[in-house]
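Have a look at the structure below before the remarks.
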Amino acid sequence: MNAYLKIWPLLLLLSLPARADIVIGGEGARCSEDPACINRFHSEIPMAARAKPGERITMIGRDAGDMHLDPDEYSVAESSPRDGFGVVHPMVGPVYIEGAAPGDVLAVTIENIKPGPVGWTSASEFGFAGDAVGSESRFILWRLNEEYAESDAIPGVRIPNGSFPGVIATMPAADQLAAILDREQRLVDAGGAVFTPDTEFAEPSSLCGKEGTRAGECLRTIPPREHGGNMDIRYLGEGVTVYLPCNIEGSAWQSATFTMHKVMVKFPVPRLKWMQKLR
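Numbering (the numbering used here), first residue to last: 14 to 292.
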């Protein structure tokens, strides 16, 4: 272990600030049309942007199912209308952080979150406590603003805004990737519920798609892992700092699946030693 663990502070905003040095994400109608959108993890995924200490980055995220829904058309459905499970989760990035090296720590402070106009709730047998839901699926659309969410399907109910990024991660190193793939395959062989690499709607398609150069190696985003990922911790809201490991040169940081739309990042100071100060 290194004698000193270097920390790279970072501010994460989900709204356009007065000054943003770098803005990435939000191009095109689908993730496949956005050069800054990915939905798999792999150490060879090309960087979407580079950041220097002191720069701010605004990230424009997407719906977790890469959908564009209109609550004026309908408010409830029997199941999610997404194209398929392969579209989950569209992420913004990765961002190369200049000077970050394996063994360093990325300190991501979430400064501000701005919701998009539409959100949804999906209840089915999939996921934690799915057996308590039963076989009947439910899909409800919500109108969002910066104060609350409300749905035509549940009149008189307002849910206070508690937005947070569901997925926030760095990329795994090549040896970590190999270990994760081996571990998850052994879980599958033992009868576990695991989402192994698949190519359906995989982005970037040149690496992770059907004809991609690493088609069988790109990790799905469903579970959290040692490099972060789909942690879905509701306490990771505004003002919270998340510490993520730097596994490869430049860290390759990305975030996704906000109930909101815009993210901003700042690197105020380079390489603080672990024992000096934590912010």
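Quick reminder that beta carbons are idealized off the backbone N, C-alpha and C, glycines included.
Nearest neighbour of R43 by Cα position, chosen from G99, S56, E230, turns out to be G99.
Shown here for V253: same chain residues with a beta carbon closer than 6 Å to its own, the five before and five after excluded, namely I123 in chain order. The DSSP-derived three-state label of A186 is coil. In the structure shown, the three-state DSSP call for S137 is coil.
Distances from the alpha-carbon of R69 to those of E91, I181, V36 put V36 closest. Counted as a single uninterrupted DSSP element, the beta strand (DSSP E) harbouring L154 occupies residues 151-157. Taking 8 Å as the upper bound for CB-CB distance, T212 and A228 are in contact here, some 5 Å apart. The Cβ neighbour count for N158, taken over all protein chains shown within 10 Å, is under 16; the residue is labelled exposed.
For L220, the enclosing alpha helix (DSSP H) covers residues 218-221.
For I110, the enclosing beta strand (DSSP E) covers residues 104-110. Taking C-beta atoms under 8 Å as the contact rule, V101 and A77 qualify, at a distance of about 6 Å. DSSP places Y256 in the uninterrupted beta strand (DSSP E) bounded by 254-258. For the set L194, Y161, D165, A145, the Cα lying nearest the Cα of L154 is the one of D165. In this structure A186 is in contact with N260, their Cβ atoms being roughly 4 Å apart against a cut-off of 8 Å.
In this structure, the beta-carbon distance from M60 to Y109 falls below 8 Å. By the Cβ neighbour-count rule, S219 is exposed, with fewer than 16 other Cβ atoms within 10 Å of its own.
Beta-bridge partners assigned by DSSP to Q198: none are found. Assigned with DSSP and collapsed to three states, V101 falls in coil, not helix or strand.
In the DSSP assignment, A62 falls within the unbroken beta strand (DSSP E) covering 62-64.
With fewer than 16 other beta carbons inside 10 angstroms of its own, S92 counts as exposed. Taking a C-beta distance under 8 Å as the contact criterion, L194 and E239 do not qualify as a contact pair.
The criterion of a C-beta distance shorter than 8 Å is satisfied by M184 and P107. Sequence-distant Cβ neighbours of A114 in its own chain, meaning closer than 7 Å and more than five residues away, are C259, E262. Membership of Y161 in the beta strand (DSSP E) is indicated by the continuous run 161-163. Its chain contains E40 as the residues whose beta carbon lies nearer than 8 Å to that of E46, once the 5 sequence neighbours on both sides are disregarded; these appear in chain order. Distance from E251 to I172 at the Cβ level is roughly 17 Å; contact not present, criterion being Cβ atoms closer than 8 Å. Across the structure, R151 and A136 are spaced so that their CA atoms are roughly 5 Å apart.
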